[in-house]
Every structure is written in C-alpha cells, then in structure tokens.
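Participant: Have a look at this one before I ask anything.
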Amino acid sequence: KYSKEDIQYMRSPEGLEVLRHTTSHVLAHAVKRLFPKVKLGIGPAISNGFYYDFEVEVPFTPEDLSHIEAEMAKIIEEDIPIIRSEVKKEEAVKMLSGMGEVFKVELANELDGDTATFFRQGDFMDLCRGPHLKSTGLVPAFKLTQVAGAYWRGDEKRPMLSRIYGTAFPSAKELEEYLAAVEEAKKRDHNKIGRELGYFTTSELVGQGLPLLMPKGAKVVQILQRFVEDEEERRGYVLTKTPFMAKSDLYKMSGHWSHYKEGMFIL
Numbered sequence: 349k350y351s352k353e354d355i356q357y358m359r360s361p362e363g364l365e366v367l368r369h370t371t372s373h374v375l376a377h378a379v380k381r382l383f384p385k386v387k388l389g390i391g392p393a394i395s396n397g398f399y400y401d402f403e404v405e406v407p408f409t410p411e412d413l414s415h416i417e418a419e420m421a422k423i424i425e426e427d428i429p430i431i432r433s434e435v436k437k438e439e440a441v442k443m444l445s446g447m448g449e450v451f452k453v454e455l456a457n458e459l460d461g462d463t464a465t466f467f468r469q470g471d472f473m474d475l476c477r478g479p480h481l482k483s484t485g486l487v488p489a490f491k492l493t494q495v496a497g498a499y500w501r502g503d504e505k506r507p508m509l510s511r512i513y514g515t516a517f518p519s520a521k522e523l524e525e526y527l528a529a530v531e532e533a534k535k536r537d538h539n540k541i542g543r544e545l546g547y548f549t550t551s552e553l554v555g556q557g558l559p560l561l562m563p564k565g566a567k568v569v570q571i572l573q574r575f576v577e578d579e580e581e582r583r584g585y586v587l588t589k590t591p592f593m594a595k596s597d598l599y600k601m602s603g604h605w606s607h608y609k610e611g612m613f614i615l
C-alpha cells in the first residue's frame, strides 16, 4: 500500500508527525464506530506518539484498547481516502452543532479568519488544520499504549475527558524496538523502584509529586548528607548559613525578581 518514498517521508520529522496525527484520526474514527455517542476533543501528535481526548459516559479502561485497536486495523485495511475541505466558519459552527460536537464548536468559534478546515475519511469527519496522509491505508504500524483522564483544555473547572495515548512508526520493526525500549525503561523507573524498596510514598493529603520519605529513604538522605559534609570539610570548605528570606532588593540585584517574581513567596 505504501512505497519506499512514503516510508522515507514518514521517517522525516515532518512526515513522522503527519503519520502520528493521521493515526490519531484513525483512533477517533474507530472510537466513533464503537461508541457513537462519544464527543470528540482534540487529537494531536506529540513527541513520542499521539493522543485523542473523548467525552464518554464511562471512562475507557486498558481492557478497551485491544478492541479499539482491532477496529483501527479494519479502518487501515479499508484504505479510506482522506479528503481535505474548507467551509465558512459560520457554516462549520452550524455543522458541528448539528453533530453535537460541543468541544469542536468551541474550537471552531475561536478560529482566526473566516474559514474552517475539515478532513473526512469515509463516514468520519473532523475539524482539523492537518496535514494528513492521503489515505488510512498508509499507516504502517501503530500501538495504543495507555488511557488517562484529562481536563478539557487543561482546566480543572472544565469537563474531565478520557484520553487514549498511542504511537505509530513507519515500520513494525521500529515500533517493536520502541516498545521494547519503553519496557526496559520501566524496569529502571525510580518512581516504581523507590516505592517497591520502601524509600518513599505519596499521599493525596500532601499532593502527587511530593514524596514522603520513609525510614529507609530518610536514612539514605542522611548518609548522603553526612558524606557531602565530611567531603567538603576534607577539601577545606567552610560552612555558612544564610536566611531563608531576604529583602526584595537582593533579588532585584540578582535578576530573580524580574524573571521569577510570580513564582516567589512574597511578604
């Protein structure tokens, strides 16, 4: 279905992004087929793949991914042409409103200019700037990797959507190599290993990303601190202590005030 030129293009930074963005549309198409009532969010290419956000009554689970992947494979096998079209912005808003795509209506209303761009593949159509591959059949290798929750447009006051992550590559071999590398990285994940060893934990009362050191972890920090202090003294360093707080004049002189004032604790 694809030529050497197609593969060469998809291996370029631009082509890889187009491949992954196209695959995100194949994902959305498959989800729409399987769950017709879902509302579409956004589906961009990202550094290591792509994702697509959906509003669903029941959030997706990892068990749903194989079912969705199978439908995506069907859409790729059907080799559906992907057709770009432009319509007036007002018409786009009216069209999306009729489809019940409330999130797309919001995006369409914010478009600059008087026109909106759509990409259609068979019975699936999405508001999108593109570009895309010429047909769904040009997607060589893909994998859905995980599900997560994400607030619409990153705003905790907006609806929580169900996000599906995935990745795509110009060949099955490259995809397999990437997935193998990810699994190897998981084995060295300090977040996983540190918890298993009992070095630290986290609590919702404190906040995710703010570790609480357990006795083993606290002992490791203590040992390291003593080593550093002894090594500094051995090398002739002299210890001083400065206040935790200072007049703003100091930070204005250092340049911190003009660059980081919004992130500083100010009295």
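In this note's numbering, the protein residues as written are 349 to 615. Note that beta-carbon positions come from the ideal geometry of N, C-alpha and C, so glycine has one too.
For a test of your reading of the model: does the CB of K521 fall under 7 Å from any non-hydrogen atom of the ligand NAD? Yes or no.
Facilitator: As presented, the structure is devoid of all ligands, the ligand NAD included, so that no description of it is given.
Participant: How many Å lie between G470 and K505 at the Cα?
Facilitator: If I take the Cα positions, the gap works out to 35 Å.
Participant: In terms of alpha-carbon separation, which member of A489, V441 and R477 lies closest to A421?
Facilitator: Out of A489, V441 and R477, A489 has the C-alpha closest to the C-alpha of A421.
Participant: Expressed to the nearest angstrom, what Euclidean distance is found between the alpha-carbon atoms of A376 and D354?
Facilitator: Cα-Cα distance, rounded: 23 Å.
Participant: Whole angstroms are fine: how far does the CA of H604 sit from the CA of E544?
Facilitator: Their backbone Cα atoms lie some 39 Å apart in a straight line.
Participant: Who are the Cβ neighbours of N457 in its own chain at under 7 Å, not counting the five residues just before and after it?
Facilitator: Closer than 7 Å at the Cβ level, and outside the excluded window around N457, lie V441.
Participant: Do the segment 543-558 and the segment 443-457 make contact, defined as three or more Cβ pairs closer than 8 Å?
Facilitator: No: the two stretches stay apart, fewer than three of their Cβ pairs being nearer than 8 Å.
Participant: Could you name the residues of the same chain whose beta carbon sits closer than 6 Å to that of L652, not counting the 5 residues immediately before and after it, in chain order?
Facilitator: Within the shown structure, residues of the chain are numbered from 349 to 615, placing residue 652 beyond reach of any answer.
Participant: As a quick exercise: from F592, L560, V568 and Y513, pick the residue whose alpha carbon is nearest that of T409.
Facilitator: Checked all of F592, L560, V568 and Y513; the closest Cα to T409 is Y513.
Participant: Once you ignore the five residues that flank P518 on each side, which residues in its own chain have a CB closer than 6 Å to its CB?
Facilitator: Same-chain partners within the cutoff: I355, M358, R359 and P488.
Participant: Can you find the residues in the same chain that come closer than 7 Å, C-beta to C-beta, to Y526, ignoring five residues on each side of it along the sequence?
Facilitator: Cβ neighbours of Y526 beyond the five flanking positions: T515 and F517.
Participant: Residues in the same chain with beta-carbon distance under 7 Å from K380, minus the five sequence neighbours each way, listed in chain order, please.
Facilitator: Taken in chain order, the residues that qualify are V386 and F472.
Participant: Does I390 pass the burial test, meaning 16 or more other C-beta atoms within 10 Å, or should it be called exposed?
Facilitator: The residue is buried, with at least 16 neighbouring Cβ atoms inside 10 Å.
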